[in-house]
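Position in the sequence shown counted from 1, then plus 124, gives you this note's numbering. Just so it is clear, CB atoms sit at the ideal spot from N, CA and C, and this is done for glycine as well.
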Amino acid sequence: MSTDGRSHQRVRGALGDVISMILGPGSFEAWAVFWIVLLCMLVRASVLANVFATSGGIFRTNLLLMCGHAAVVATVAGVLFVVVPRALERVRPLRGAPVGRARYLLVILIVAIVTTGALIVMHRVVLIPSIPISLLFRPLANAIAGNFAFILPVLLLTNGIASRFAQRQRRTEVVLRSELASVRTERITLIAADERVRSEIARALHDDVQTELLRATLRLSTVADAVPTERREEFALALAEIEHAREHGVRAVGRRLAPPLGTLGLVAALREHCDAFGGVLDVELDADDAFRARFLRTEDDDPVAIAIYRTVEQGLQNALKHARARHARLRLAMGEGSQVRLELITDGQLLAADWQPGLGATVIDTWVDAVGGNWSLRPGDPDGAVLTATFGR
């Protein structure tokens, strides 16, 4: 195709877009119509008031009256763009008949006719003293035709442009919602994969590492008698340390990686985790009876239970790491329906008003979002921070 041919094609495409924007079909944007019609009517009011003032009228009085007139007419036009489409949808003979552009133009035409009638009637009702009625309505047919010729293009252009922008905005919103849903799905997939890896590592620690440590302890025990007398106390202490590491260290790491919620229940698992901070961070746990009953026994992969556990875990770690907290109070309660409320109050350094989320906040946000909740972190009173979260809807 030649350059001239492509140019003509672009021109035809642009003209087609302009015609489509003006003649529809499109959505009906009542607020845009109201504001643009109001603006046009106010400009018209200013011009008319000035014209009539030069012929002996009172400019300020005429302007105020005609501005009120403009507001009424614009309101009528805006309301009609809501009422008329809905009314046509309820008329059975029109169902499946004129649709698309025909229905769109029909609505515009009805609104233009009724708005023109309102404009004429308002001129009569306002009765501007300095404007002779005969000047406005001589003859009446000309007044109706002139006002209709003013209103119809305004409605077509206003709603067409507003509809085009609204459609673009809706398409953008659809794309953004789709991308947000994709991101949310990816985040949920990542945390699910993270929990699987945690469970596998915890199982390996329990089944393999603890077994190997136990085997090593038993083998060392068999040669205890061969150890020189002066070194037996030291040897026994080393065995005790290995056994303590196997029984408590490895076991504790495994439980933190994958808390046995199905065995302990959520409250006991949280209590165990809070006690692990003993001597460093004193945590008071307060759970109401409804919460204890709900999470007395739960599955290891219960997403709400895991979300609560991970939120508490990250909240306490952040309070200890960033705020040097010494005391914390954890409150857990059931809300409306199956919703769970969490509040973690910690002391230490006051949370900055312009704090920036880090890895811990990202983990909390991901888990809370995964179960349809929300959360917030704000400065405490007088120090520390307050973490609140709801889980479920």
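- Spanning the alpha carbons of Arg288 and Val238 requires a straight line of approximately 24 Å.
- Annotation: the continuous beta strand (DSSP E) that includes Phe515 extends over 509-515.
- If you look at Ala417, you'll find it in the alpha helix (DSSP H) that goes 413-418.
- Distance from the CA atom of Thr387 to the CA atom of Arg421, rounded to whole angstroms, is 7 Å.
- By the neighbour-count criterion, in which 16 or more other beta carbons inside 10 Å mark a residue as buried, Pro352 falls on the exposed side.
- From the listed residues Asp413, Val377, Ala417, the smallest Cα separation to Ala400 is found for Val377.
- In this structure, DSSP gives Leu388 a helical state, which the three-state scheme calls helix.
- Secondary structure at Arg294: helix, using DSSP grouped into helix, strand and coil.
- According to DSSP, residue pairing for Met458 in a beta bridge involves Val464.
- Remark: C-beta atoms of Leu444 and Val404 approach each other more closely than 8 Å.
- Leaving aside the five residues that flank Arg308 on each side, the residues in its chain whose CB is nearer than 7 Å to its CB run, in chain order, Asp493.
- Short of 7 Å from the beta carbon of Val428, and not among the five residues preceding or following it, lie these beta carbons of its own chain, in chain order: Val464, Val495, Phe515, Gly516.
- As the crow flies, the alpha-carbon of Thr435 is around 13 Å from that of Ile315.
- DSSP places Ser500 inside the beta strand (DSSP E), whose first and last residues are 498-503.
- Counting of Cβ neighbours within 10 angstroms places Asp471 among the buried residues, the total reaching 16 or more.
- Proximity to Ala477 across Met458, Gly497, Leu501, Ser462 peaks at Leu501, based on C-alpha coordinates.
- For Arg214, the number of other beta carbons within 10 angstroms of its own is below 16, and it is reported as exposed.
- In the assembly as shown, Glu408 is an exposed residue. Its beta-carbon has fewer than 16 other beta-carbons within 10 Å.
- In the three-state reduction of the DSSP assignment, Leu475 falls in the coil class.
- Contact between the region 153-163 and the region 282-298 is present: three or more C-beta pairs spanning the two stretches fall below 8 Å.
- The Cβ-Cβ distance between Leu474 and Gly508 falls below 8 Å.
- By the Cβ-count criterion, Trp491 is buried, with 16 or more other Cβ atoms from all chains shown falling within 10 Å of its own Cβ.
- Boundaries of the alpha helix (DSSP H) harbouring Asp493: 483-494, taken from the DSSP string.
- A Cβ-Cβ distance of about 6 Å is found for the pair Leu468 and Ala452, placing them in contact under the 8 Å criterion.
- The continuous alpha helix (DSSP H) containing Glu357 extends over residues 353-368.
- Residue pairing of Leu405 in beta bridges, as defined by DSSP: absent, with no partner found.
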